[in-house]
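Colleague: The structure under discussion is supplied below as structure tokens; questions concerning it will follow.
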Amino acid sequence: MELKNKIALVTGASRGIGKSISIALAEKGAIVIITARDLEELKKTAKEIESLNGRSHIIPADLSDEKQIINMFEQVKKAFGKLDILINNAAVTVTGKLVDFSSKDFDSIINVNLKSVFLCCREALKIMLAQKSGAIINISSNIVYKGYQYQAVYCASKSGVLGLTRSIANEYQKEGILASVIHPGAVDTGMIAQARPDIERSLLMLPRDVTDTVLYVLGLSDRAWVDEIVVRRRAAKPF
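Here the sequence shown is numbered in the working numbering, starting from 226 and rising by one per residue.
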């Protein structure tokens, strides 16, 4: 896919993996719509993109709020009239034993990690179906194949993202819309520092490693696509 002048929306773009993806897409010539709750951090992402002569458009939104998500896509349609790429990256976690989890903890994780992905995909598909083209990449986690302790709800949310992506891919490929899911291992971000303080930071992947994977998927020829890909840190056990 040629990224120049493509309209891409990246969630969780204020920091970490989402910020890295946003900057890289802009460097490739895409117009990147960046969203997250923290407007000031989004402005920093936009400033970095601008410093590289890239183009971005800020839409702050709380992805746990359905109305804000719907409004965000209405703004996208009004401002650009189309959407070529959706990257669902935003995620949160709470670390702890399952018996200690409250329903509030469960809802806070599921609402951002899974429900917002569903809502963003639903609203993006409405735009993409009209144009009969589009690419959706959902960032999941290799935890779906590992089931790490103290991360049961996070694991459940990311497993849901995998199932959702597979269904979207099968349902909408015939309409010209492609969907892929990327499962990163541990990446050096603020969230992993909280969730896995046991891992030496020098052994973690960098946000750029996930970004490069996204660019690889989007950079394939029109004859190829990646349904699912796992990228892990070298220090971890294979498979």
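Idealized CB from N, CA, C, for every residue including glycine.
In angstroms, rounded to a whole number, what distance separates the CA positions of L228 and G254?
Modeller: Going from the Cα of L228 to the Cα of G254 covers about 6 Å.
Colleague: How would you call V324, buried or exposed, if buried means at least 16 neighbouring beta carbons within 10 angstroms?
Modeller: It counts as exposed.
Colleague: Alpha carbon to alpha carbon, what distance is there between K322 and Y373?
Modeller: Approximately 11 Å, taken between the alpha carbons.
Colleague: Considering only the alpha carbon of each residue, which of V439, I259, F343 lies closest to Q300?
Modeller: The shortest Cα separation from Q300 among V439, I259, F343 belongs to I259.
Colleague: So what's G444 in DSSP terms, helix, strand or just coil?
Modeller: Note: G444 maps to coil in three-state DSSP.
Colleague: Quick one: using the 10 Å Cβ neighbour count with 16 as the cut-off for buried, is Q398 buried or exposed?
Modeller: The residue is exposed, with fewer than 16 neighbouring Cβ atoms inside 10 Å.
Colleague: Which residues share a DSSP beta bridge with T236?
Modeller: DSSP output for T236 lists T260 as bridge partner(s).
Colleague: For the alpha helix (DSSP H) that A360 lies in, which residues bound it at each end?
Modeller: First-last for A360: 359-364, but that is the beta strand (DSSP E), not the alpha helix (DSSP H).
Colleague: Helix, strand or coil, according to DSSP, for N278 in the structure here?
Modeller: Reduced to three states, the DSSP call for N278 is coil.
Colleague: Taking 8 Å as the line, does the beta carbon of M416 fall inside it for any heavy atom of the ligand ADP?
Modeller: As for the ligand ADP, it is missing from this structure, which has no ligand bound.
Colleague: Could you give the distance in angstroms between the alpha-carbon of R458 and the alpha-carbon of I246?
Modeller: Cα-Cα distance, rounded: 18 Å.
Colleague: Does DSSP put A315 in a helix, a strand or coil?
Modeller: Three-state DSSP puts A315 in coil, outside helix and strand.
Colleague: Per the DSSP calculation, L403 is bridged to which residue(s)?
Modeller: DSSP lists A360 as partners of L403.
Colleague: Name the residue from D263, A316, Q293, I274 whose alpha carbon lies nearest to the alpha carbon of A420.
Modeller: Of D263, A316, Q293, I274, the residue nearest in Cα terms is A316.
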